[in-house]
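Novice: In our numbering, the protein residues as written are 10 to 497. The beta carbon of each residue, even a glycine, is placed where N, CA and C say it ideally should be. What follows is a structure written as structure tokens; I'll ask about it next.
Rendered as structure tokens:
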């Protein structure tokens with residue numbers, strides 16, 4: 010079953026509310042008008058009855074008056090005749106039966122009088138109560154009252170009120186026509202207003218449809234006529250859409266990085282594997298010479314095997330960090346790791362100027378093997394990518410929460426490794442932590458680098474709740490700063 014639109018429901022609700030209001034107003038108007046006109050008719054009947062009763066008119070007097078009126082010859086007699094003819098009255102004797110003296114002035118006519126008196130009820134009881142009643146006879150409607158004369162005779166006063174009913178019916182038709190016009194206009198205006206007010210909701214539906222089709226950049230625009238609740242809904246929807254777009258962009262970026270990672274990993278493994286396979290095929294075919302040539306081939310096979318081993322080890326290290334970041338937690342002296350790393354660098358390159366600055370113990374909490382790998386990777390970059398005469402400075406210091414230097418009570422321990430080598434371009438520095446990235450791929454491959462060292466550095470540091478940053482420029486060397494939470 011198809012549901013109606015919200016604008017249609019709002020329009021129907023408004024029309025129904027107005028219809029009820031108009032019905033109540035029209036009913037009150039019709040009833041009020043009817044009661045007002047009816048009270049005027051009743052007042053007229055009561056005045057006539059009261060005039061006869063207060064004057065203590067007798068039957069003989071009334072018959073005489075009727076006689077004068079019947080034989081009206083003077084102007085006064087004719088006025089009397091017109092006065093008697095304006096009202097419908099029936100003269101009743103003490104026995105309740107009509108008297109014939111005033112029949113020419115009595116209404117209804119004698120042919121309808123029996124039906125009128127039958128519907129009137131007990132005239133004596135009405136005379137005692139003074140009540141004005143409705144009498145309907147022969148398709149006519151009267152308001153009637155009974156008055157008592159001085160000799161216990163009675164006179165019935167009745168006034169037709171069909172004119173009142175006709176006026177009320179006309180009023181009812183006029184109000185019905187006005188109500189129909191008003192309801193029609195309200196329905197049209199309400200529908201237009203509802204569509205206007207609900208336009209932001211239609212925009213939201215359109216935006217949601219566009220997003221379902223893949224356009225994650227769509228947003229619901231602001232409107233000048235939107236209600237406060239609609240604007241709140243728009244803001245909430247736009248915030249949600251922004252989060253969805255960010256999540257989708259993050260997922261797309263992660264998928265792209267994964268595809269690039271797999272492509273780079275296969276490429277890095279394919280190169281040494283092809284070298285090993287090539288030398289083995291030459292050996293199987295007996296194409297390798299003896300002596301130095303055979304020894305060189307075996308050496309190259311060993312080097313490429315070591316290179317594949319290091320690459321696999323580094324990939325496994327990254328995979329472990331992604332899945333289970335640094336489970337081991339114990340106090341580690343970062344200053345000792347820095348001194349050990351600097352000593353290893355001097356052992357490999359005795360001619361390199363190396364300066365080590367530490368201030369006592371610099372305790373952090375973490376995995377000693379992983380933190381030692383961070384120091385080793387950073388110094389390996391210095392050894393691999395800078396000339397031996399380039400100086401290297403290694404320092405460890407405590408840093409307070411406000412960034413100033415302090416003692417062991419500081420909130421962070423800062424490891425800084427800087428060199429005076431050729432430095433890096435800004436574009437390369439922005440990607441230095443990407444996996445398999447090398448500023449000089451050919452140079453890195455010859456030197457045995459995999460492009461994973463700095464990725465491991467960042468992964469380990471972030472797994473320990475720290476952060477890593479670098480500063481470099483062409484010709485100004487490179488400085489890497491690692492901040493780790495201090496052990497308290």
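Using the DSSP secondary-structure output, state which residues sit across from residue 149 in a beta bridge.
Specialist: BP columns for residue 149 point to 146.
Novice: Is it buried or exposed, residue 10, if we count other Cβ atoms within 10 angstroms and call 16 or more buried?
Specialist: Note that residue 10 scores a pLDDT of 47, beneath 50, so its modelled location is shaky; the value from the coordinates is reported in the next line. That one is exposed.
Novice: Note down, one range per segment and in chain order, each alpha helix (DSSP H) of at least 4 residues found wholly within the segment 191–254.
Specialist: Taking only runs of at least 4 residues, the alpha helix (DSSP H) segments lying wholly in the segment 191–254 are 208–221.
Novice: Leaving aside the five residues before and after residue 150 along the sequence, list all residues of the same chain whose C-beta is less than 7 Å from its C-beta, in chain order.
Specialist: Contacts found: 143, 169, 170, 171, 174.
Novice: Assign residue 308 to one of three DSSP states: helix, strand, or coil.
Specialist: If DSSP states are grouped into helix, strand and coil, residue 308 belongs with the helices.
Novice: Can you tell me where the alpha helix (DSSP H) holding residue 465 begins and where it ends?
Specialist: Run containing residue 465: 462–472, per the alpha helix (DSSP H) assignment.
Novice: Since residue 389 is in the alpha helix (DSSP H), which residue starts that stretch and which ends it?
Specialist: First-last of the alpha helix (DSSP H) with residue 389: 377–394.
Novice: Going by DSSP, which residues form a beta bridge with residue 22?
Specialist: None, per the DSSP bridge assignment.
Novice: Between residue 321 and residue 384, what straight-line distance do the alpha-carbon atoms span, to the nearest angstrom?
Specialist: One C-alpha to the other measures close to 20 Å.
Novice: Excluding the 5 residues flanking residue 227 on each side, which residues of the same chain have their C-beta closer than 6 Å to its C-beta?
Specialist: The answer, listed in chain order, is 216, 219, 220.
Novice: What does DSSP give as the partner residue(s) for residue 423 in the beta ladder?
Specialist: BP columns for residue 423 point to 406, 492.
Novice: Hey, is the segment 339–353 in contact with the segment 466–477, meaning 3+ C-beta pairs nearer than 8 Å?
Specialist: Not touching, per the Cβ criterion.
Novice: Going straight from the alpha carbon of residue 23 to that of residue 194, what length do you get?
Specialist: For residue 23 and residue 194, the distance between alpha carbons rounds to 12 Å.
Novice: What did DSSP end up calling residue 487 once you bin it into helix, strand or coil?
Specialist: Strand, per DSSP.
Novice: So, at 7 Å on beta carbons, what are the nonlocal neighbours of residue 203 in its own chain, with the 5 sequence-adjacent residues on each side left out?
Specialist: So the qualifying residues of the chain are 16, 19, 20.
Novice: Going straight from the alpha carbon of residue 494 to that of residue 404, what length do you get?
Specialist: So the two alpha carbons sit approximately 16 Å from each other.
Novice: Which same chain residues, not among the five before or five after residue 360, have their C-beta less than 6 Å away from its C-beta?
Specialist: So the list reads 397, once near-sequence residues are dropped.
Novice: By the 10 Å Cβ neighbour count, where 16 or more other Cβ atoms means buried, how is residue 414 classified, buried or exposed?
Specialist: Below a pLDDT of 50, predicted positions are generally treated as unreliable, and residue 414, at 42, falls in that range; the measurement from the model is reported next regardless. Exposed, since its Cβ has fewer than 16 Cβ neighbours within 10 Å.
Novice: CB-CB under 8 Å to residue 297, same chain, minus the five flanking residues each way: which ones, in chain order?
Specialist: Result list for residue 297: 288, 291, 303, 306, in chain order.
Novice: Quick one, are the C-beta atoms of residue 338 and residue 295 less than 8 Å apart?
Specialist: Contact: no.
Novice: Rounding to the nearest angstrom, what Cα-Cα distance links residue 388 and residue 425 in this structure?
Specialist: Using only the alpha carbons, I get a separation of about 11 Å.
Novice: If you draw a straight line from the C-alpha of residue 454 to the C-alpha of residue 487, how long is it?
Specialist: Residue placement at residue 454 cannot be trusted, given a pLDDT of 43 that sits under 50; what the coordinates show is reported in the next sentence. Going from the Cα of residue 454 to the Cα of residue 487 covers about 21 Å.
Novice: Would you say residue 124 and residue 146 are within 8 Å of each other, going by their C-beta atoms?
Specialist: Yes; because the gap between Cβ atoms is below 8 Å, this pair is in contact.
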